[in-house]
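Inspection log for the structure reproduced underneath, given as structure tokens.
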Amino acid sequence: MSLISFQKSLVTVGAVALTSLGLVSSALAIPSFLGGATLTRTGVAGSFFQNLSASGTSFCFLTQVAITETDTPAEKAECLLTRGGIVWTLEAKLGGNGDESVTCAAICYSTN
Ligand SMILES: [Ca+2]
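Going by this note's numbering, the sequence shown opens with residue 551, and the numbers climb by one from there.
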């Protein structure tokens, strides 16, 4: 038995095992890219929000966090990515009204 055919046999055995456990659809699903978003907020306290993909059928992650000019105690900046009951939500948040800026980006992939 060649190495390649041995490896194919292992994959087949694994697929059969997963199928028998009822896991084949989720375990072997190949994530597909759904898209993403970028938010930038500058100089005004508060948040920008953007809803992303459905939380039950996708996963998202931060791809950029860029913060500038948070050089006084009142200037705060953060990026949040929240998995809500319906959708993932990206948030760019500032805590001050100075010249600080925050850029947050996230992308999402399907899980089905
Ligand atoms: Ca500043």
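Cβ coordinates follow ideal geometry from the N, Cα and C atoms, glycine included.
Annotated three-state conformation of ASN647 is coil, per DSSP.
Here GLY585 is exposed, its C-beta having fewer than 16 other C-beta atoms within 10 Å. Assigned with DSSP and collapsed to three states, ALA579 falls in coil, not helix or strand. Assigned with DSSP and collapsed to three states, THR639 falls in strand. Closest option to ALA587, judged by alpha-carbon separation, among VAL594, PHE599 and ALA595: PHE599.
Not one heavy atom of ligand 1 falls within 7 angstroms of the beta-carbon of GLY645. Counting only the Cα atoms, LEU640 lies some 12 angstroms from PHE609. Of all alpha-carbon atoms in ILE636, LEU631, ILE617 and GLY593, the one lying nearest the alpha-carbon of GLY606 is that of ILE636.
A residue is called buried when at least 16 other Cβ atoms come within 10 angstroms of its Cβ; ILE580 does not meet this threshold and is exposed.
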